[in-house]
Amino acid sequence: MIQHKKGSILRHYSMILALSVSVFPSFAQGDWENLNDALEKIENGTIGSVEQFLDETPDSFGDNFLLAFDSLSQQSASFTCPRIIRFNEDASLIYAVAGGCNDQIENGIEVISFDNVQKKFDFHSIQFSEDAPPQIENNPESCQACHTQRLRPNWSAYSLWPGFYGTAFAKNYRERSERASAYVAAEEQQLVDFLQSYPRTSRYSFLNTIEIEHPYTKLSFNNLKFTSLVAEKNHESFLHTVSLSPKGRSIMEAIRALYNGRGTTDPEAQDMINRLTPEALQPYLDRFATRFEMAAAADHERIMRTIGSLAYGESTLAESFPTGRFPSLNRNDLEVREASAKVIALIELNSEVSTSLWSTTLLFIDGEAVGADLFSTGSSSGLSTIFRP
Numbered sequence: 000m001i002q003h004k005k006g007s008i009l010r011h012y013s014m015i016l017a018l019s020v021s022v023f024p025s026f027a028q029g030d031w032e033n034l035n036d037a038l039e040k041i042e043n044g045t046i047g048s049v050e051q052f053l054d055e056t057p058d059s060f061g062d063n064f065l066l067a068f069d070s071l072s073q074q075s076a077s078f079t080c081p082r083i084i085r086f087n088e089d090a091s092l093i094y095a096v097a098g099g100c101n102d103q104i105e106n107g108i109e110v111i112s113f114d115n116v117q118k119k120f121d122f123h124s125i126q127f128s129e130d131a132p133p134q135i136e137n138n139p140e141s142c143q144a145c146h147t148q149r150l151r152p153n154w155s156a157y158s159l160w161p162g163f164y165g166t167a168f169a170k171n172y173r174e175r176s177e178r179a180s181a182y183v184a185a186e187e188q189q190l191v192d193f194l195q196s197y198p199r200t201s202r203y204s205f206l207n208t209i210e211i212e213h214p215y216t217k218l219s220f221n222n223l224k225f226t227s228l229v230a231e232k233n234h235e236s237f238l239h240t241v242s243l244s245p246k247g248r249s250i251m252e253a254i255r256a257l258y259n260g261r262g263t264t265d266p267e268a269q270d271m272i273n274r275l276t277p278e279a280l281q282p283y284l285d286r287f288a289t290r291f292e293m294a295a296a297a298d299h300e301r302i303m304r305t306i307g308s309l310a311y312g313e314s315t316l317a318e319s320f321p322t323g324r325f326p327s328l329n330r331n332d333l334e335v336r337e338a339s340a341k342v343i344a345l346i347e348l349n350s351e352v353s354t355s356l357w358s359t360t361l362l363f364i365d366g367e368a369v370g371a372d373l374f375s376t377g378s379s380s381g382l383s384t385i386f387r388p
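Residues in the sequence shown are numbered from 0 upward in steps of one, following numbering that gives the first Met the number 0.
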C-alpha cells in the first residue's frame, strides 16, 4: 500500500489518528505551481483526475481547508461526506471538490481565483471524465445565478458559518443559551464521528493532518481565517470599481476621511460628507435592519435544516437565540451599522456602483436569503484595514 505525500486529515483519536495510508496510486509528476500551471497540466493530460489534482496541490495550501456538511453548490455534501474547500495562504486561489465517498463519485472541481491587477474574482469549472477529455470552462454563466454578475465568493461573516464544521467560533455563542450549547455539542459529535469513520480511500486522505483533540476549534479558526481573507479581497474588488467611477477619487477620499477622522481638503469629498444628514442616512439604516433580519432568518433556517433538529428538535429563531438577535458578535452594533450606512450612501448617492453586487444578503435562492452583508460587522474590518492610518 502506498502513502499519500500530503498525509491524512487526522491521527490517533486520543493523540493523533494515523490515517495516511491509502489505496490510491502515488502521482509523482510534481506540484502545480499556480492555476495556469494546473490548467495546462489538465489540458495536456498530466493531471487526469480530481485525486491527482488534490495530490499535486502545492504545500503553500498547508492546512487551509474547510469542510461543508450542507452545500448550496452543485457539489454534494453531508455530515458523513462533507464537501472540501481548500485555499492558499492569501485566498487568491480557492477550489472545492465533493468528498468522493458516495456511490456516485463526482469528478468536478470548482475554482475561484483572484486577479490582483483587475481586482476581480474569476470562476473556473473543471470536469474530468473517463472516456472524454477534461472540460474546462472559465466564468460559466451558471455561476452568476448564485454569485451575482460581479462574481465573488458567497460566505458568511464572523462569527457563525452555518453548514460548515466549526460553525460557531466565539466561545460565548455556546454560553448564549442551552439550545446554542446543544447545537455546538451535536455538531462536534458529528465531526468526531466523521473523523473516526470516513473512508480511508476517500479524498480526505489528501488533506494535511489536524489534531484530534481540537478539531472543531481548528476548523472554526479556518473559517475565521477564510472570512478575513475573502472579505479583504471582496473589499479590494469593490473599492477598485468605485475608484474607477467618474467621482471615484472624491468618493474614496470621503470614505478615508470618515474612517481616519482627520477631515479632508477635497471640497467635493467634503460636500459628499456634508450631505450625509440623518434624513439622508435613514433609508440605508432601514436597509441594514432588513438585511440583518434576513440574514438571521436564513442562517437559522439552515441551522435547523442541518443539525439543529438533531440537537434540540424544532424551534423558532427567538427560542434558539433568546436575545432575539442574530448570534454573531456585535452583528447589530449600531455604531458599525451607521458607519457602514455612510459608506454605502456615499457610494450609491455619488456613483452608479451597486453595493448589492458585492453584498450577498440580497441574493435569494428558492426564496432564501444567502450569506452575509458586505458591510456587516464581521467583514467591515476589511474597510478598516484599507482606510485606517
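Just so it is clear, CB atoms sit at the ideal spot from N, CA and C, and this is done for glycine as well.
Q) With 16 as the cutoff for other CB atoms within 10 Å, does T226 come out buried or exposed? A) Position 227 of the sequence shown, counted from the first residue, corresponds to residue 226. Under this definition T226 is a buried residue.
Q. So what does DSSP say about N115, is it helix, strand or coil?
A. Within the sequence shown, residue 115 is the residue found at index 116, counting from 1. The answer is coil: DSSP assigns N115 none of H, G, I, E or B.
Q. Should H239 and K119 be called a contact, given that it needs their Cβ atoms to be closer than 9 Å?
A. Along the sequence shown, read from residue 1 onward, the residue named residue 239 stands at position 240. Along the sequence shown, read from residue 1 onward, the residue named residue 119 stands at position 120. Yes, the Cβ-Cβ distance between H239 and K119 is below 9 Å.
**Q.** Buried or exposed (CB count within 10 angstroms, at least 16 for buried), L194
**A.** One-based indexing of the sequence shown puts residue 194 at position 195. By the neighbour-count rule (16 or more Cβ atoms within 10 Å), L194 is buried.
Q) Taking buried to mean at least 16 other C-beta atoms within 10 Å of its own C-beta, is R261 buried or exposed? A) As a first step, residue 261 is located in the sequence shown; it is residue number 262 there, counting from the start. Exposed is the call here.
Q | Whole beta strand (DSSP E) elements within the region 175-205, 3-residue minimum | A | none
Q | Three-state class that DSSP yields for Y258 in the structure shown | A | The residue you call residue 258 lines up with position 259 of the sequence shown. Correct three-state label for Y258: helix.
Q.
Taking 9 Å as the threshold (C-beta atoms), are I83 and L65 in contact?
A. Walking along the sequence shown from the start, residue 65 turns up at place 66. Walking along the sequence shown from the start, residue 83 turns up at place 84. The beta carbons of L65 and I83 sit closer together than 9 Å.
Q | Spatial distance of D89 from V183 (CA atoms) | A | Indexing the sequence shown from 1 puts residue 89 at position 90. Indexing the sequence shown from 1 puts residue 183 at position 184. When rounded, the distance between both Cα atoms is 29 Å.
**Q.** Same chain, Cβ closer than 7 Å to T354, five either side skipped, listed in chain order
**A.** The residue given as residue 354 occupies position 355 in the sequence shown. Within the same chain, T354 has close Cβ partners I343, I346, E347, L373.
Q | C-alpha distance - R255 paired with A268, whole-angstrom precision | A | By 1-based counting over the sequence shown, the position of residue 255 is 256. By 1-based counting over the sequence shown, the position of residue 268 is 269. C-alpha separation (whole angstroms): 10 Å.
Q) Using CA coordinates, which residue listed in E129, S77, S91, G99 is at the minimum distance from V116? A) The residue you call residue 116 lines up with position 117 of the sequence shown. The candidate whose alpha carbon is nearest that of V116 is S91.
(Q) I'd like to check one pair, Q134 with Q143: are the Cβ atoms closer than 9 Å? (A) Here residue 143 refers to the residue found at position 144 of the sequence shown. Here residue 134 refers to the residue found at position 135 of the sequence shown. Not in contact: Q143 and Q134 (Cβ atoms no closer than 9 Å).
Q: Return the residue from the list T56, P81, N349 that minimises the CA-CA distance to S242.
A: Indexing the sequence shown from 1 puts residue 242 at position 243. When only C-alpha atoms are compared, the closest one is N349.
Q: Locate the beta strand (DSSP E) running through A95, then write down its first and last residues.
A: Along the sequence shown, one-based indexing puts residue 95 at 96. That run of the beta strand (DSSP E) goes 92-96.
Q) What are the boundary residues of the alpha helix (DSSP H) that L65 is part of? A) The residue you call residue 65 lines up with position 66 of the sequence shown. Note, L65: premise wrong, no alpha helix (DSSP H); beta strand (DSSP E) at 64-67.
Q: Leaving aside the five residues before and after T123 along the sequence, list all residues of the same chain whose C-beta is less than 6 Å from its C-beta, in chain order.
A: Start at 1 with the first residue of the sequence shown, and residue 123 comes out as number 124. Note that residue 123 corresponds to His in the displayed sequence, not to Thr. So the qualifying residues of the chain are V110, N137.
Q) Which term fits F363, buried or exposed, when burial requires 16 or more other beta carbons within 10 angstroms of its beta carbon? A) Locating residue 363 in the sequence shown gives position 364, where the first residue counts as 1. With a pLDDT of only 28 at F363, under 50, the local geometry of the prediction cannot be trusted, and no value is derived from it.
Q: Mind listing, in chain order, the continuous alpha helix (DSSP H) runs of no fewer than 4 residues lying wholly within the region 236-282?
A: 247-259, 266-273
Q. Going by Cα to Cα distance, which pick from Y258, Q73, L309, V49 is closest to H146?
A. Mapped onto the sequence shown, residue 146 falls at position 147. Each of Y258, Q73, L309, V49 was checked against the Cα of H146, and the nearest Cα belongs to Q73.
**Q.** Through-space distance from G47 to D121, alpha-carbon basis
**A.** Here residue 121 corresponds to residue number 122 of the sequence shown, with the count starting at 1. Here residue 47 corresponds to residue number 48 of the sequence shown, with the count starting at 1. Roughly 22 Å separates the two Cα atoms.
(Q) Would G162 and L309 be called neighbours here (beta carbons separated by less than 9 Å)? (A) Here residue 162 corresponds to residue number 163 of the sequence shown, with the count starting at 1. Here residue 309 corresponds to residue number 310 of the sequence shown, with the count starting at 1. Note that the C-beta distance between G162 and L309 is not below 9 Å.
Q: Specify the secondary structure class of R301 as computed by DSSP and reduced to three states.
A: Here residue 301 is taken as the residue at index 302 of the sequence shown, counted from 1. Of the three classes helix, strand and coil, the one that applies to R301 here is helix, per DSSP.
Q. Where do the ends of the alpha helix (DSSP H) carrying I41 lie?
A. Counting from one through the sequence shown, the residue named residue 41 turns up at place 42. It spans 34-42 - the alpha helix (DSSP H) in which I41 sits, taken as one unbroken run.
Q) If you compare alpha carbons, which of F52, P57, F68, P277 is closest to R301? A) Numbered from 1 along the sequence shown, position 302 holds the residue referred to as residue 301. Selected option, being the one with the closest Cα: F68.
Q.
Quick check: the Cα distance between L284 and S155, rounded to an integer number of angstroms?
A. As a working note, residue 284 is residue 285 in the sequence shown. As a working note, residue 155 is residue 156 in the sequence shown. Cα-Cα distance, rounded: 20 Å.
Q. Does DSSP classify S219 as helix, strand or coil?
A. In the sequence shown, the residue the question calls residue 219 occupies position 220. In this structure, S219 counts as helix in the three-state DSSP scheme.
Q. Within this structure, are the beta carbons of D390 and D30 separated by less than 9 Å?
A. Residue 390 is absent from the model: the chain starts at 0 and stops at 388.
Q. H123 bridges to which residues according to DSSP?
A. Numbered from 1 along the sequence shown, position 124 holds the residue referred to as residue 123. Bridge partners of H123: V110, N137.
Q.
In whole angstroms, give me the CA-to-CA distance for D270 and K224.
A. As a working mapping, residue 270 is identified with position 271 in the sequence shown. As a working mapping, residue 224 is identified with position 225 in the sequence shown. Each residue's Cα considered, the two are about 38 Å apart.
Q. Just reading off the beta strand (DSSP E) that F52 is part of, what are its end residues?
A. Taking the first residue of the sequence shown as position 1, residue 52 is located at position 53. Segment 49-54 is the alpha helix (DSSP H) holding F52; no beta strand (DSSP E) there.
Q | Three-way DSSP call (helix, strand, coil) for I343 in this model | A | Residue 343 sits at position 344 when you count from the first residue of the sequence shown. If DSSP states are grouped into helix, strand and coil, I343 belongs with the helices.
Q) Which residue's Cα is closest to the Cα of I272: A97, S249, S141? A) On the sequence shown, position 273 is the one that residue 272 refers to. The shortest C-alpha to C-alpha distance from I272 to any of A97, S249, S141 is the one to S249.
Q | Status (buried if at least 16 other CB within 10 Å, exposed otherwise) for G381 | A | One-based indexing of the sequence shown puts residue 381 at position 382. A caution first: G381 carries a pLDDT of 40, below 50, which makes its placement in the model unreliable, though a value can still be read off. Result: buried.
Q) I83 by DSSP, collapsed to three states: which one? A) Here the question's residue 83 lines up with position 84 in the sequence shown. Of the three classes helix, strand and coil, the one that applies to I83 here is strand, per DSSP.
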